[in-house]
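One point on numbering: in full-length UniProt numbering, the residue at position 495 of the sequence shown is 495, and numbering is uninterrupted.
Virtual Cβ for every residue (Gly too), placed ideally from N, Cα, C.
As the structure is a computational prediction, the values presented were derived from the model and not from experiment.
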Amino acid sequence: MPLPAMAVYLPLHMLILLPLLAIPVLLLLRSRSSASRGNGGERLPPGPWALPMIGHLHHLIGRGELPHRRLRTLARRHGPLMLLRLGEVQTVVASSAKAASEILKTNDVAFATRPMGRLAQLWYQDSGGGVAYAPYGDGWRQLRKICTMELFSNSRVASFRPIRHAEVGRRLRAVAAEAGANQQQQQQVKLTRRIADYVLDITVRAIIGSREFAERDAYIQMLKEVPEIVPGMGLPDFFPSSSLAMRVSRMPALLARTRGNMHRLMDVIIKEHLEFRAPATGASGGEEEEDLVDVLLRLQKEAGFQHPVTTENIKFVMLDMFNAGSETSSTALTWAMAELMRNPRVRHKLQEEIRQEFADDGEVMEEKLGNLRYLHMVIKETLRLHPPAPLMVPRQCRTPCQVLGYDMPVGLTVMRSSCRSGEQCDKDFKGVDFEFIPFGAGRRVCPGISMALANVELVLTAMLFHFDFELPMGMSPEDMDMTEKLGISMERKAKLFVVVVPRVLVPPAVE
Ligand code: HEM
């Protein structure tokens, strides 16, 4: 039907409504064109179409894809540097090696800080925080130095070897008992649960030691709750200027409650540590290996720091170590086991390597793990396929600079996607080669890489040495559900259940 004829028959109220309907379209076009020019005339990266108010948030939800996958799909269309407005927050997403290298190497200092949203401010208040979310500056630099020189140094990681061996032994015996008890019925072992418990226990023992204390269970419960409320992705973070966002979100109240509980429990732990180590008490605390709280308290007493290490700093560093190190490591381990179950050929090849190496020892010795070339390839490939922190931890632009020829204004939030598609890669994965950076890179690269690898390698190797694994009856590798779950780290959605067949006797516990 010709258009003019239709116009004649438009009802009167439609004529009134048309200009109103045009407003969102005009706003939409306006926000689309402004994506390539900043308010100060800067040349900003391109991005998809935006809606008034929410900006690009609608691009990240729905459509059956998790946000990091969705961002990758969008980046294929809009380029390796893409500008998004998440509510009020201008965000650039970098998704090529060149973009990552320009951000994390060429302009490392400019991007060395983290965005501090409304919820993060509420969580940290004026404490100066820990390491992971602290703003770039002398305070962060000092705590970071303590992390690299003291908390996660190779010798410190090695000092936790007895804890790892003890906890791995405990898990092996539990799995053997479960498998032995159920061999007739081919009962399945809940591997996801066992892995998460193992990582939790070694992390807690490394941080606060192995001594029993009255509120240990409450402390562990609090640690499990904190990742749920770690600031960054709540409504008030997307709309920092909106008091309504603060009022309707349940996060501020939850955060305040958890913060109070966290301080109370941390105070108990610190007090117990001080009493245990105090020479005046006559306790023989000095003979026991230092845990990470001991190290922090010792450093707090030592003179020579430009900034005093406050008790608040110690509490938030303790939390950082748990938040940054626990779920990421158990996620990596679960994906490694899931991939091995899906690829029996790789699993058998890895078991052959492991069983040859430890045939004479009868058990896995951590000091010999460096000889296992194929094991390291499997772990690397797992991190490539399933990076536990697919969008890393965001950075923020501190000083104006350029990336891929685009202007980066101060305050811009930067997310880097660590997902790289393509063939198996033989690149470095510790922040040198920007093709593949599951631990980030530059000044704020993960300081816990050695700790993470030690935690993951030992238990994986020991399980594959002592046991054979099969999928539950009737399930083939192709049936395995490899769906990811949205969370702080990118966990596997389905729980991993396997049938365990003991092969090499697990040594008994040493008292
Ligand atoms: C597979 C395990 C792990 C993965 C994939 C991982 C990944 C990451 C990533 C992507 C970052 C952000 C880096 C950046 O901004 O460039 C990070 C930061 C950090 N990680 Fe890890 N991490 C893991 C394990 C650990 C462990 C075991 C610890 C310590 C117990 C740890 C402590 C930290 C800390 C403290 C930061 C903040 C550093 C800073 O802002 O200066 N991580 N990690």
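Closest Cα partner of residue i within the set the options
| i | options | result |
| --- | --- | --- |
| Lys98 | Ser489, Val432 and Val456 | Val432 |
| residue 527 | Pro135, Thr334, Gly40 and Pro472 | Residue 527 cannot be examined here, being either before or after the span of the chain that is shown, 1 to 511. |
| Val414 | Glu42, Ile61 and Ala110 | Ala110 |
| Val317 | Leu350, Thr461, Pro388 and Ala206 | Ala206 |
| Ala494 | Val93, Leu191, Glu167 and Arg156 | Leu191 |
| Pro162 | Val364, Met490 and Arg76 | Val364 |
| Arg347 | Met377, Glu215, Arg141 and Pro52 | Met377 |
| Thr106 | Gly442, Val504 and Arg43 | Gly442 |
| Phe439 | Ser243, Met480, Ala389 and Glu150 | Ala389 |
| Val168 | Val498, Val459, Thr483 and Met482 | Val459 |
| Pro227 | Asn323, Arg250, Leu151 and Val293 | Asn323 |
| Val501 | Gln188, Lys380 and Thr258 | Gln188 |
| Val498 | Gly487, Lys145, Tyr219 and Met341 | Met341 |
| Leu292 | Ile354, Thr203 and Gln121 | Thr203 |
| Ile269 | Pro115, Ser210 and Ala94 | Ser210 |
| Arg247 | Thr328, Met463 and Leu119 | Leu119 |
| Arg457 | Trp49, Gly64 and Glu366 | What sits at residue 457 in the sequence shown is Glu, not Arg. The option with the nearest alpha carbon to Glu457 is Glu366. |
| Thr258 | Leu319, Asp201 and Arg164 | Leu319 |
| Gly448 | Ala177, Glu339, Glu327 and Ala100 | Glu327 |
| Met116 | Val510, Gly130 and Ile103 | Gly130 |
| Ala336 | Met408, Glu65 and Leu383 | Leu383 |
| Arg43 | Gln121, Leu83 and Leu350 | Leu83 |
| Ala332 | Pro387, Lys315, Met473 and Lys427 | Pro387 |
Enclosing beta strand (DSSP E) for residue i [first to last residue]
| i | result |
| --- | --- |
| Pro502 | Phe497 to Pro502 |
| Leu83 | Leu81 to Leu86 |
| Thr91 | Val89 to Ala94 |
| Phe467 | Phe467 to Glu470 |
Residue i: first and last residue of the uninterrupted alpha helix (DSSP H) it sits in
| i | result |
| --- | --- |
| Met262 | Met251 to Arg277 |
| Thr413 | Where Thr413 is concerned, there is no enclosing alpha helix (DSSP H), although the beta strand (DSSP E) it sits in stretches over Thr413 to Arg416. |
| Gly139 | Asp138 to Ile146 |
| Gln125 | Where Gln125 is concerned, there is no enclosing alpha helix (DSSP H), given that its DSSP letter is neither H nor E. |
| Val109 | From DSSP, Val109 is part of no alpha helix (DSSP H); its letter is neither H nor E. |
| Phe239 | Run containing Phe239: none; DSSP gives neither H nor E here. |
| Val293 | Leu292 to Lys301 |
| Asn323 | Thr311 to Arg342 |
| Ala75 | Pro67 to His78 |
| His56 | Taken as a continuous stretch (DSSP letters only), His56 belongs to no alpha helix (DSSP H), as it is neither H nor E. |
| Arg444 | No alpha helix (DSSP H) contains Arg444, which DSSP labels as neither H nor E. |
| His376 | Arg373 to Leu385 |
| Ser159 | Asn154 to Ser159 |
| Gly97 | The residue you asked about is not Gly; residue 97 is Ala in the sequence shown. Here the alpha helix (DSSP H) through Ala97 covers Ala97 to Ser101. |
DSSP bridge partner residues for residue i (one or two, in chain order)
| i | result |
| --- | --- |
| Asp479 | None; Asp479 has no bridge partner. |
| Asp407 | Gln402 |
| Val506 | Per DSSP, none; premise fails for Val506. |
| Arg43 | Arg37 |
| Arg492 | Glu484 |
| Gln396 | Thr113 and Thr413 |
| Lys190 | Phe497 |
8 Å contact criterion, which residue i and residue j should meet: CB distance rounded
| i | j | result |
| --- | --- | --- |
| Ala196 | Ser330 | 5 Å |
| Glu357 | Lys368 | 6 Å |
| Gly87 | Phe238 | 3 Å |
| Pro45 | Val92 | 6 Å |
| Leu404 | Pro135 | Not really, about 26 Å apart at Cβ, beyond 8 Å. |
| Arg194 | Arg171 | 6 Å |
| Phe467 | Val175 | 7 Å |
| Arg416 | Met392 | 5 Å |
| His263 | Leu297 | Not confirmed; about 16 Å, so no contact. |
| Thr399 | Gly128 | At roughly 22 Å, the Cβ-Cβ gap does not stay under 8 Å, so Thr399 and Gly128 are not in contact. |
| Met222 | Leu265 | 6 Å |
| Gly325 | Met451 | 6 Å |
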